[in-house]
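>
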Amino acid sequence: MLHIAIDGPASSGKSTLAKALSEALDIIYLDTGAMYRAVTLALQEQAIDLSDIEAVQDVLARIDIDFAASPSGQRVYLNGHDVTEAIRQDDVTNAVSEVAAIKEVRAALVAMQQRFALNQSIVMDGRDIGTVVLPEADYKFYLTASPEIRAERRFAENQAKGLSNQSYEALLESIIQRDAYDSSRAESPLRKASDAIELDNSHMTTEATVAHILNIIRQ
Ligand code: C5P
8 MLHIAIDGPA SSGKSTLAKA LSEALDIIYL DTGAMYRAVT LALQEQAIDL SDIEAVQDVL
68 ARIDIDFAAS PSGQRVYLNG HDVTEAIRQD DVTNAVSEVA AIKEVRAALV AMQQRFALNQ
128 SIVMDGRDIG TVVLPEADYK FYLTASPEIR AERRFAENQA KGLSNQSYEA LLESIIQRDA
188 YDSSRAESPL RKASDAIELD NSHMTTEATV AHILNIIRQ
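All letters in the sequence shown, in the order written, are residues 8 to 226 by my numbering.
1. Please go through the stretch 13 to 82 and give each complete beta strand (DSSP E) segment of 3 or more residues, from N-terminal end onward.
2. Just tell me which of 37, 17 and 109 has its CA closest to the CA of residue 50.
3. Look up residue 87 in the DSSP assignment and say whether it is helix, strand or coil.
4. How is residue 219 classed by DSSP in three states: helix, strand or coil?
5. What would DSSP say about residue 110, mapped onto helix, strand or coil?
6. Leaving aside the five residues before and after residue 89 along the sequence, list all residues of the same chain whose C-beta is less than 6 Å from its C-beta, in chain order.
7. Under 8 Å between the Cβ atoms of residue 160 and residue 17?
8. Between 15, 69 and 94, which has its C-alpha nearest residue 43's C-alpha?
9. Is residue 72 near residue 45, with beta carbons less than 8 Å apart?
10. Smallest Cα separation from residue 214: which of 162, 122, 20 and 167?
11. Can you check whether the CB of residue 15 is closer than 8 Å to the CB of residue 149?
12. Between residue 213 and ligand 1, is there a pair consisting of the residue's CB and a ligand heavy atom that are separated by less than 7 Å?
13. Hey, would you say the C-beta of residue 104 is under 7 Å away from at least one heavy atom of ligand 1?
14. Kindly examine ligand 1 and report whether one of its heavy atoms sits closer than 7 Å to the Cβ of residue 134.
15. With a CB to CB cut of under 6 Å and the five nearest residues on each side skipped, what residues in its chain are close to residue 196?
16. With respect to 7 Å, is the separation between the Cβ of residue 40 and the closest non-hydrogen atom of ligand 1 below this value?
17. Whose CA, out of 24, 36 and 23, lies closest to the CA of residue 9?
18. For residue 98, count neighbouring C-beta atoms within 10 Å of its own C-beta (all shown protein chains included) and say buried if the count is 16 or more, exposed if not.
19. Using a Cβ distance threshold of 8 Å, determine whether the stretch 137 to 146 contacts the stretch 111 to 126, with at least three qualifying pairs required.
20. Based on the DSSP output, what are the partners of residue 210 in its beta bridges?
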């Protein structure tokens, strides 16, 4: 069994790396950010006040998040509905850090994530995988890149997918804000696990990053 944890700030290439590792090693990939996004969407759809913890817990108790492979990549389902695109919209992106800072939300999602990892090999990406979700992971990576490069990459991806028409400047601002929020929250903040291998991929291609990490794993 092989457990791989990938953490790092927003748009640092975690999910691209995790998908590539999952294919190369033929193991499952779990996008934990998608789970926080799905909870955020569920709370928004039901117009839940985030300070009403009982109402938040009620939504959590009834939530069902699923993943399914498709030729266009992994699809995300919230209570049976395909929300793959909906969870990438600006409304969700702008609210997700606040939702992810709620202790009860984290407890529910961490438990789900740990169940996914029971008895099977998995690569997970997020913010607290190496520190909280899989502290005993066989490999832990902490992926970074400069905020400007991350914003450039996200801008190009949004343009290609028609996901958002936010300007580069707005994206950069939102990435910096989300990192600051994720790093300073009380509940399992974004930080590098002491035993994680850090990789700044600002000046590396995706292929070079994947090859570098695979080399470490296969050594
Ligand atoms: O990875 P992605 O950018 O989609 O994650 C969205 C948000 O979900 C992050 O900004 C963070 O607030 C939250 N998150 C988290 N812990 C994780 C994964 C994501 O708090 N393991």
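Where is the CB? At the ideal position from N, CA and C, for every residue including glycine. Computed from a predicted structure; not experimentally measured.
Let me spell this out:
1. 35 to 38 and 72 to 75
2. The count along the sequence shown starts at 1 and reaches residue 50 at position 43. Taking only the C-alpha atoms, the option nearest residue 50 is 109.
3. For the purposes of this step, residue 87 is identified with residue 80 of the sequence shown, where counting begins at 1. Residue 87: coil per DSSP, three-state reduction.
4. For the purposes of this step, residue 219 is identified with residue 212 of the sequence shown, where counting begins at 1. Residue 219: helix per DSSP, three-state reduction.
5. Residue mapping note: residue 110 aligns to position 103 of the sequence shown, counting from 1. In this structure, residue 110 counts as helix in the three-state DSSP scheme.
6. Numbered from its first residue, the sequence shown carries residue 89 at position 82. 82.
7. Here residue 160 corresponds to residue number 153 of the sequence shown, with the count starting at 1. Here residue 17 corresponds to residue number 10 of the sequence shown, with the count starting at 1. Cβ distance not < 8 Å, so residue 160 and residue 17 don't count as in contact.
8. Locating residue 43 in the sequence shown gives position 36, where the first residue counts as 1. Here the closest residue by C-alpha is 94.
9. Translated into positions along the sequence shown, residue 72 becomes position 65. Translated into positions along the sequence shown, residue 45 becomes position 38. It is a contact, given that the beta carbons lie within the stated cut-off.
10. Here residue 214 refers to the residue found at position 207 when the sequence shown is read from its first residue. That would be 20, whose Cα lies nearest to the Cα of residue 214.
11. In the sequence shown, the residue the question calls residue 149 occupies position 142. In the sequence shown, the residue the question calls residue 15 occupies position 8. Against a cut-off of 8 Å, the Cβ pair of residue 15 and residue 149 comes out as a contact.
12. Here residue 213 refers to the residue found at position 206 when the sequence shown is read from its first residue. Incorrect: residue 213 has no Cβ contact closer than 7 Å to ligand 1.
13. Locating residue 104 in the sequence shown gives position 97, where the first residue counts as 1. Yes.
14. Taking the sequence shown and counting its residues from 1, the one referred to as residue 134 is at position 127. Checking every heavy atom of ligand 1 against the Cβ of residue 134, one is found closer than 7 Å.
15. In the sequence shown, the residue the question calls residue 196 occupies position 189. Same-chain partners within the cutoff: 190.
16. Translated into the one-based positions of the sequence shown, residue 40 becomes position 33. Under cutoff, so the answer is yes.
17. For this step, residue 9 is matched to residue 2 along the sequence shown. Closest by alpha carbon: 36.
18. In the sequence shown, counting from the first residue as 1, residue 98 sits at position 91. Its Cβ having fewer than 16 others within 10 Å, residue 98 is exposed.
19. yes
20. In the sequence shown, residue 210 corresponds to position 203, counting from 1. Paired residue(s): none; residue 210 is not in a bridge.
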